[in-house]
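Just below is one structure, and these are the notes that go with it.
Protein chains in written order, with the numbering used here: chain A, 3 to 373; chain B, 322 to 614.
As structure tokens, this is what we get:
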């Protein structure tokens, strides 16, 4: 039993099922991120935890107490909304203390709690302003202050950074992470931004069409995605998917594909599992991240299984810190992440290096990972 | 070339502007003429009106007609002037406007933030109230007022106007609150505010423009209403409009036009005042939510 348990939760609107059998257990002090494309049910799930939406079947428990049907204000949770939802008619100070006032906390106590939060978030100078007089970043801080002041068991964040400009978003992201480290509170955070999910979370639940596709640490999600959806949704540029034919020959397992000239390329697969072995002679999908597909000098020196092969460069996209180089393997377009000063140029034939330690394989029909 | 075109554009716009202003002044003059006639004739002795020109400025300026219209003129049985009826109207219009606005706000709040099955149909039915002609409800309403023992009282008129006004005020507030972010209500729920706390502390304080619209609309309609006043009020509760009619229509004695003019202005003054004080919010409120930003 965790701190916050979601047990076989279902949600239907009429005949439309938007959440199917969600099981997530969040430990105390964990930072869980729900990530997925729009319409995947992540916000609905968050609202169900908050008590703003009913749960159709299943259970939500907080510290072992059943929360189904409990009013949002009695769940000891706080929520930061995408639009911040600051009360426009109240000052910052009133916004922050409104919840305490509603819970009949004495005035002196409210005042000291507010000062504490204002200091923590550095919004002391804004207390007498109205929300309309604040910038986006300041509103964001006030919204967090309103959540913090009640010292809840669980914080819920509903895409809190999506209304900020790119630079501020990165700054606030760091700040939320710091806040989590300092306060050690349990957080459930909804976003559609996979970078936010990777950087903030201690665990990620990737959702699609109402199903939890995979639940795991950021590293698990990134390195060993459970299926093709997770593989392509997480990571930017997304994982390269190359159709390959598996050939098992005694201990050795090889993945065969072709380069841009149609020449056969054989990539040795280290530590292939029995499931992959049993696919011998069949076509599967090889997934390889752009940073595991480099030029030969850029390959990870700690990796003992780097496979090299030549192929023609399609387009190069210098991005400052890296240069993205496209080519094709098995008639699928692939993106390789190379050093910024790589000598690859459009049309040239260069050696690509596959770091096969990072390669994963998927069943092309079901999309599920094969070990 | 471009500069020349621009210059000619400015010149055309200047001539057009002069034309527009002339036309507007003409219309303004035309519309203000009746007010001028009323004002001028309410401050001259009767002999100047009967013996001379309606348009001329008074030779002897006097406020006597105003005093007479307010406190001495024969309205109904007694020579009380319009004063008691003015207060009747105030006693009717203030609670009627207040109650119908608050109820409209509550309806709008429920219809947008506490949605339930069939809420759109219910709202559609309430909108019907805006299209029912007054005459149709006269007899049923008389029956209802009789049952409630409110016939002939100011509170009876308040009830009638509240019932008739709710359709409009609900329409205003529902449309205003439809654009009001629901996340605010949810945040307040998580903060522990109840149904009425959210209404009083969050919704109403943010509804300034639409409250002004509702108040102006309701005040003007209720103050100017004649039919319900004439049908459902007795002598002790007749509103200003009915009294003005009685004053002007009285068939005995000399027709004191100067007193009539003064009385008519007195009857129009409160709506004028409300419009001048709150009018600039009126258009702003009507447009609220229609354009982003």
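Where is the CB? At the ideal position from N, CA and C, for every residue including glycine.
- With 16 or more other Cβ atoms inside 10 Å of its own Cβ, residue 100/A counts as buried.
- Identification of residues in the region 88-107 of chain A having a C-beta nearer than 7 Å to some C-beta of chain B yields 89, 90, 91, 100, 101, 104 and 105, given in sequence order.
- Between residue 488/B and chain A, the shortest Cβ-Cβ separation is not below 8 Å.
- Considering only 118/A, 195/A, 146/A and 7/A, the residue with the shortest C-alpha distance to residue 177/A is 146/A.
- When DSSP states are grouped into helix, strand and coil, residue 191/A belongs to the strand group.
- Taking the C-beta atoms as reference points, residue 204/A is found nearer than 8 Å to residue 33/A.
- C-alpha of residue 554/B to C-alpha of residue 537/B: approximately 23 Å in a straight line.
- Residue-level contact by beta carbon fails for residue 535/B and chain A, as no gap is shorter than 8 Å.
- Residues of chain B with a Cβ closer than 7 Å to the Cβ of residue 75/A are, in chain order, 510, 511, 512 and 513.
- Out of 343/A, 358/A, 238/A and 290/A, the CA that lies nearest to the CA of residue 307/A is found in 358/A.
- The C-beta distance from residue 404/B to residue 387/B rounds to 12 Å, too long to meet the 8 Å contact threshold.
- When the alpha-carbon of residue 366/A is set against those of 323/A, 320/A, 267/A and 289/A, the nearest one is in 289/A.
- When the Cα atoms are used, residue 198/A and residue 534/B turn out to be separated by approximately 45 Å.
- In the DSSP assignment, residue 13/A falls outside any alpha helix (DSSP H) and lies within the beta strand (DSSP E) extending over 6-15.
- For residue 260/A, the enclosing beta strand (DSSP E) stretches over residues 254-260.
- In the DSSP annotation of this structure, residue 524/B is not part of any beta strand (DSSP E), being labelled neither H nor E.
- Bounds of the alpha helix (DSSP H) holding residue 503/B are 503-512.
- For residue 148/A, the enclosing alpha helix (DSSP H) covers residues 138-150.
- Of the other Cβ atoms in all chains shown, fewer than 16 fall within 10 Å of the Cβ of residue 357/B; this residue is therefore exposed.
- In this structure residue 339/A touches residue 296/A by the C-beta definition: roughly 7 Å separates them, less than 8 Å.
- For residue 523/B, the C-beta contacts it makes with chain A under 8 Å involve 89 and 91, in order along the chain.
- A distance below 8 Å separates the beta carbons of residue 422/B and residue 539/B.
- DSSP places residue 595/B within a helical segment (H, G or I) once states are collapsed to three.
- Under DSSP, residue 352/A shares a beta bridge with 313/A.
- Comparing alpha-carbon positions, the option among 363/B, 490/B and 557/B lying closest to residue 427/B turns out to be 490/B.
- Within the same chain, Cβ atoms closer than 8 Å to the Cβ of residue 381/B are found at 365, 366 and 369, the five residues on either side in sequence being excluded.
- Beta-carbon to beta-carbon, residue 475/B and residue 558/B are separated by about 5 Å, close enough to satisfy the 8 Å threshold.
- Under the three-state reduction of DSSP, residue 246/A is assigned to strand.
- A Cβ of chain B is located within less than 8 Å of the beta carbon of residue 81/A.
- For the C-beta of residue 85/A, the chain B residues within less than 9 Å are, from N- to C-terminus, 502, 504 and 505.
- Nearest CB-CB separation between residue 163/A and chain B: not below the 8 Å threshold.
- Under DSSP, residue 289/A shares a beta bridge with 243/A and 362/A.
- Taking all protein chains in view, the Cβ of residue 210/A is crowded by 16 or more other Cβ atoms within 10 Å, so the residue is classified as buried.
- Contact between the region 495-506 of chain B and the region 71-79 of chain A is absent: fewer than 3 CB-CB pairs across the two stretches fall below 8 Å.
- Chain order gives the chain A residues near residue 527/B as 89, 90 and 91, where near means a beta carbon separation below 9 Å.
- Going by C-alpha positions, residue 332/A is about 41 Å away from residue 166/A.
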